[in-house]
Amino acid sequence: EAQVTQNPRYLITVTGKKLTVTCSQNMNHEYMSWYRQDPGLGLRQIYYSMNVEVTDKGDVPEGYKVSRKEKRNFPLILESPSPNQTSLYFCASSLLEVGNEDEQFFGPGTRLTVL
Amino acid sequence: QKEVEQNSGPLSVPEGAIASLNCTYSDRGSQSFFWYRQYSGKSPELIMFIYSNGDKEDGRFTAQLNKASQYVSLLIRDSQPSDSATYLCAVTYSSASKIIFGSGTRLSIRP
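Residue numbers (the numbering used here), protein chains in the order written: chain A, 896 to 1010; chain B, 1170 to 1280.
Put into structure tokens, the structure is as follows:
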């Protein structure tokens, strides 16, 4: 089954404790992206990657890191989480860059709470 | 700051009627426009995309784009209770690799 998976789905952590949210897709997509969704603010793009070893900042990259060592995986790293990073996070992928006709497929989301 | 604006709603529409959702964007260089549907607690799913001025129809859904006025709309004909969801407008700009989402319009179809 073609899908985007994220782990964990739910995470409660404390300020400053490094964490990684994994994202994996099995569709051989080149483009992958991370978003956060907050009430009243919609989805905001954190980072995106157009291919292996090619990543770039979205609109809200502060406090986050990403890496793209393999085509299928695009982990999101929070080196020192803070309470303002409490949010719902979505990973997404598409065959080509998002401006083309290719649909973005979203993962199920990761609900992160930073105390 | 590039922006995408949507009325947050809720927009309440009787079953069988036409639901009209609107979105405005600030960047005249925007190239691609998308409508996503998001059910409560679920991830967004693509409903339609449009690139050219005018209308694009797909089943009960019609997307309308007016680049001169910088707005894009989504019409849902013969609205069904299953259409009750939040609808997100999204716009790409610059290299088309970056995308901005609106905050979404919550649509409720009443029986």
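By construction, the Cβ of each residue, glycine as well, lies at the ideal position given by its N, Cα and C atoms.
Residue range of the unbroken beta strand (DSSP E) whose run includes residue i
{"i": "A:Asp954", "result": "First-last for A:Asp954: undefined, no H or E at that position."}
{"i": "A:Gly937", "result": "937 to 946"}
{"i": "A:Leu990", "result": "Element bounds for A:Leu990: n/a, residue is neither H nor E."}
{"i": "B:Glu1174", "result": "1173 to 1175"}
{"i": "A:Ser919", "result": "914 to 920"}
{"i": "A:Asn902", "result": "899 to 902"}
Sheet register partners of residue i (DSSP bridge)
{"i": "B:Leu1276", "result": "B:Leu1180, B:Ala1254"}
{"i": "B:Gln1233", "result": "B:Asp1224, B:Ser1242"}
{"i": "B:Leu1190", "result": "B:Leu1243"}
{"i": "B:Leu1215", "result": "B:Tyr1205"}
{"i": "A:Phe985", "result": "A:Tyr930"}
{"i": "B:Ser1248", "result": "Its beta-bridge partners do not exist; DSSP assigns none."}
{"i": "B:Lys1267", "result": "B:Tyr1262"}
{"i": "A:Phe1001", "result": "A:Ala987"}
{"i": "A:Val1009", "result": "A:Thr908"}
{"i": "A:Asn968", "result": "A:Ser919"}
Distance CB(residue i)-CB(residue j) smaller than 9 Å
{"i": "B:Ser1272", "j": "A:Gly935", "result": "yes"}
{"i": "A:Gln898", "j": "A:Met922", "result": "yes"}
{"i": "A:Phe985", "j": "A:Gln932", "result": "yes"}
{"i": "B:Phe1176", "j": "B:Thr1255", "result": "The sequence given here has Asn at residue 1176 of chain B, not Phe. No, the pair does not count as a contact, with Cβ atoms beyond the cut-off."}
{"i": "A:Gln920", "j": "A:Phe1000", "result": "yes"}
{"i": "A:Asp954", "j": "A:Met945", "result": "no"}
{"i": "B:Ile1219", "j": "B:Asp1252", "result": "no"}
{"i": "A:Cys1002", "j": "B:Ser1266", "result": "Checking the displayed sequence, the identity of residue 1002 of chain A turns out to be Gly instead of Cys. For A:Gly1002 and B:Ser1266, no; Cβs fall outside 9 Å."}
{"i": "A:Glu957", "j": "A:Lys913", "result": "no"}
{"i": "A:Val949", "j": "A:Pro978", "result": "no"}
{"i": "B:Thr1172", "j": "B:Ile1269", "result": "First, the residue type needs correcting, since residue 1172 of chain B is Glu and not Thr in the sequence shown. Against a cut-off of 9 Å, the Cβ pair of B:Ile1269 and B:Glu1172 comes out as a contact."}
{"i": "B:Tyr1194", "j": "B:Glu1214", "result": "no"}
{"i": "A:Tyr905", "j": "A:Thr1005", "result": "yes"}
{"i": "A:Glu988", "j": "A:Ile972", "result": "Reading off the sequence shown, one finds Ser at residue 988 of chain A, where the question assumed Glu. Contact: no."}
Check: residue i C-beta below 8 Å from any heavy atom of the ligand GTP
{"i": "A:Val909", "result": "With respect to small molecules bound, the structure shown includes none, and the ligand GTP cannot be examined in it."}
Under 8 Å, with one C-beta from each stretch per pair, do the region 1246 to 1261 of chain B and the region 1192 to 1206 of chain B reach the 3-pair mark?
yes
Does the region 963 to 979 of chain A come within contact of the region 1236 to 1248 of chain B, defined as at least 3 CB pairs closer than 8 Å?
no
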